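Residue numbers (my numbering), protein chains in the order written: chain B, 159 to 500; chain L, 275 to 879.
Glycine is no exception: its CB is placed at the ideal position from the N, C-alpha and C atoms.
Predicted, not measured: the structure shown is a model, and the values here were computed from it.
Written out below as structure tokens is the structure these notes cover.
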């Protein structure tokens, strides 16, 4: 299984760290979560076999993302070259200084390959051609992922229109995003999405994660996400069963000792944040500390200027519905009040 | 004084460490561990269970092979300790013991060494080498020489009228041939040398099974061509009864319209399979009748005692209460079957085979997961008493708090791995087309299996809580109109009587359509909390409907479920009826914790 393969018009993208995490956590059982930083031969060999058996050979650019890889097992370069020998042109992303030598990058002379401030390469073309379609495009892993996520949401109709506008949160929701169906049907892409969410959480709370905050799930769909994140981030979990449409809590809170412990609330979708706020209140009322919330998808009803990055109410997600894409995705929220310009 | 035949088999005394020091993951309660206590405890429990009823009986001990697991010196050393203890404790005369070698008692490394010394070694030379360890053990235990090249290597006489004939079905076994075989000419010749043969009723005792109760094939573990000749030779010499081992199933079958009957005692000491032995009480008048009693190992995993031996009901396990070994008038078998004397009949099942398949015990057990899971239940105080409701009809006085168990990342990883171990152990990984995580906890413990096996995955709430979820959370989201999903695996935390599972499969329109073309539904749970003796068919409607006083009216007819659980841990159901709010004092007077896992207000309205 290869989870990070994304096809774009110009290239096929693979995230090697995501694949390594799958090898390490699921095919083997060494439980390093996303903290593993060494690329194993098994992983690149798995990728080689996948590429060899795939039918995208007419598209001859492959982008390998080395983000978060700090060490290569022996023989990795040999396998990378074998991929190249399948008649692909390889471009690497996010090469850290530590792996330049292992990949023998000094032997490739290409004026487009420019070192970054850390003496690594944000992008490195593993070929010497004077021209390439890739020289003129921006290749950023977050953009590749977001474009794919949006494409899947839209093309496969995961944004579903209600028969009549939904009104449970005192606003009208024209449609809902069926992330449960997305999780079931978009396999293995969903595992890559959850890997990216774990990486985002690590990046946001690098210091706080040392205190081992607890991941809180509060719906059936979010428990799936919590379960995977627990493995990737090596964190304990807590399930509030359940704060959803009926806002009824079955599990008694007193069973769990909240005192002086930190919590991250996990959702599939954060729209107006009502359920997150209920959960936050329950945690704080019980003596716990609310660290923030994460979700697969969030709806940005405020601008980023109005909801600052450091705000505790700002949810971390791998995909946002914003004013840039909500019309295209046919996702609308409105009230009974007249708009400002009427 | 009464006389009994104590029939045990397949002890598989196993090395606790492989040669080289690596831990040997074996399946036997009997091992070569320097800490002998667990093995001795097992032997002593067995001895006690025999003594309970037969402390003053004369005992003939029959062991039908596989005393050890690999024929290693150390295994035999410990086997001698264990069997000596049985002999001493039960006061068995050495002359009344018939001990038969099995294919696990020969040493395969010795065959390799012999062939390395001499590539053209004769079968006789190979037999001497492979049985060297066994022969030494045999002599030290019974003070008799064991001739590895004889077919009828020993016999004992019971009550002056019955001969138990010890046959070695492994003389042809080398590195390639592994099936049972009795060279017919040699057998006939050696039979003539038994002086009392013609005047006594003779019963053959052999390790290999030549018909199956567990495997769906006619030949058992016997060389197909040789089997026909052997059966013919038994019949022509008036040998109508055969005691066997090897299959690890306490089976009993009849061949040739009941002219030959076989009885296997089952495996004495398996951790993960059904452990059993048999006692045949000898009833002698004008007829010779063996009263057939099966003893099986029950595993309550209690604090004070992990397992106990108890008598099994013959009828349920398709076994006769008596074997008529000799009768003036020919015995009439209740369930005669027609023998089909050819080799490959995987798809042909006789009536008896059908019955024996239904009653074959097939459960999951792992010391690493089943026992460890129970340890966690104890350590974390997860087993609660009080009054717990999951719906108006689903109420119990105990509850296992799985949600607390899985809060800790290590425990969560442990239970995810336990589920995977069940899937591996029962070889489900390649069979399943879809995995469904059922309930919150079921969803949480399924994710690793879903990713590892890369199978389509869905999760559903329990059916009695569908109305509490957003409609999209109740959707299965897979279409089976093309019949692609033939085998579905449902993973959940706790299963009681399985009604919830059967309702999930049959009740809701959309899912009913989905499951219409599903051949097999595998259900794997962390805990089974129901009343039934564990087996893989106990969630099927046809099994449930026979449970006295079970409310079958509100159930669904589903019979294609195969069920495995990591740990069986019975909870007490609330014994009161619909009026439990008035009659159950725990609820009425709040005598203990009362916890609801559903919204009762919608029922009270």
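Asked                                                                                                                                        : Found
Beta strand (DSSP E) segment containing residue 286 of chain B, residue limits                                                               : That residue, residue 286 of chain B, is in no beta strand (DSSP E); it is neither H nor E in DSSP.
Beta-carbon contacts of residue 359 of chain L that lie in its chain and below 8 Å, excluding the five residues immediately before and after : 314, 317, 318 and 321
For residue 323 of chain B, the three-state DSSP class (helix, strand or coil)                                                               : strand
Residue 667 of chain L burial status per 10 Å Cβ neighbour count (16 or more: buried)                                                        : exposed
Residue-chain proximity (residue 802 of chain L, chain B), Cβ-Cβ < 8 Å                                                                       : no
Within-8 Å CB hit, residue 343 of chain B to chain L                                                                                         : yes
Separation of residue 551 of chain L from residue 282 of chain L, as counted between CA atoms                                                : 5 Å
Check whether residue 715 of chain L and residue 767 of chain L have beta carbons under 8 Å apart                                            : yes
Three-state class that DSSP yields for residue 200 of chain B in the structure shown                                                         : helix
Selection of the segment 542 to 574 of chain L by Cβ proximity to chain B, strictly under 8 Å                                                : none
For residue 429 of chain B and residue 457 of chain B, believed in contact at Cβ under 8 Å, the rounded distance                             : 5 Å
Expected contact under 8 Å - CB spacing of residue 735 of chain L and residue 752 of chain L to nearest Å                                    : Contact doesn't hold; Cβ gap of about 16 Å is too wide.
Chain B residues whose Cβ lies nearer than 8 Å to that of residue 726 of chain L                                                             : 184 and 185
Residue 482 of chain L at chain B interface by Cβ criterion, 8 Å                                                                             : no
Alpha carbon of residue 465 of chain B to alpha carbon of residue 390 of chain B, nearest angstrom                                           : 28 Å
Contact list for residue 732 of chain L against chain B, beta-carbon separation under 7 Å                                                    : 342
Alpha helix (DSSP H) runs wholly inside the segment 726 to 797 of chain L, at least 4 long, in chain order                                   : 773 to 780 and 783 to 789
Test item: CB-CB of residue 446 of chain B and residue 421 of chain B under 8 Å                                                              : yes
Reduced DSSP secondary structure (H/G/I, E/B, other) of residue 575 of chain L                                                               : coil
Whole-angstrom distance between residue 349 of chain B and residue 159 of chain B, CA atom to CA atom                                        : 11 Å
Selection from B:264, B:499 and B:485 that minimises the alpha carbon distance to residue 332 of chain B                                     : B:485
Whole-number beta carbon distance between residue 697 of chain L and residue 723 of chain L, since they are thought to touch under 8 Å       : 6 Å
Residue 780 of chain L versus residue 708 of chain L: straight-line alpha-carbon distance, rounded                                           : 17 Å
Candidates L:548, L:557 and L:576: closest to residue 586 of chain L by CA position                                                          : L:548
Residues that DSSP places opposite residue 247 of chain B in a beta bridge                                                                   : B:219
Of the residues L:393, L:396, L:392 and L:388, the one placed nearest residue 406 of chain L, counting alpha carbons only                    : L:388
Chain L contact for residue 323 of chain B (CB, 8 Å cutoff)                                                                                  : no
According to DSSP, residues forming a beta bridge with residue 249 of chain L                                                                : Lying outside 275 to 879, the shown extent of chain L, residue 249 of chain L is not represented and no answer is given.
8 Å Cβ cutoff met for residue 519 of chain L and residue 345 of chain L                                                                      : no
Every unbroken alpha helix (DSSP H) inside the segment 334 to 409 of chain L [4 residues or more]                                            : 347 to 364, 382 to 391 and 397 to 404
Per-residue contacts from residue 189 of chain B into chain L (C-beta, under 8 Å)                                                            : 687
Partner residues on chain L for residue 392 of chain B, Cβ-Cβ distance less than 8 Å                                                         : 683
The segment 866 to 873 of chain L / the segment 816 to 835 of chain L touching (three or more Cβ pairs under 8 Å)                            : no
Rounded distance between the beta-carbons of residue 373 of chain B and residue 384 of chain B, thought under 8 Å                            : 5 Å
Terminal residues of the alpha helix (DSSP H) in which residue 455 of chain B lies                                                           : Careful: residue 455 of chain B lies outside any alpha helix (DSSP H), inside the beta strand (DSSP E) at 447 to 457.
At least 3 beta-carbon pairs within less than 8 Å: the segment 323 to 331 of chain L vs the segment 476 to 495 of chain B                    : no
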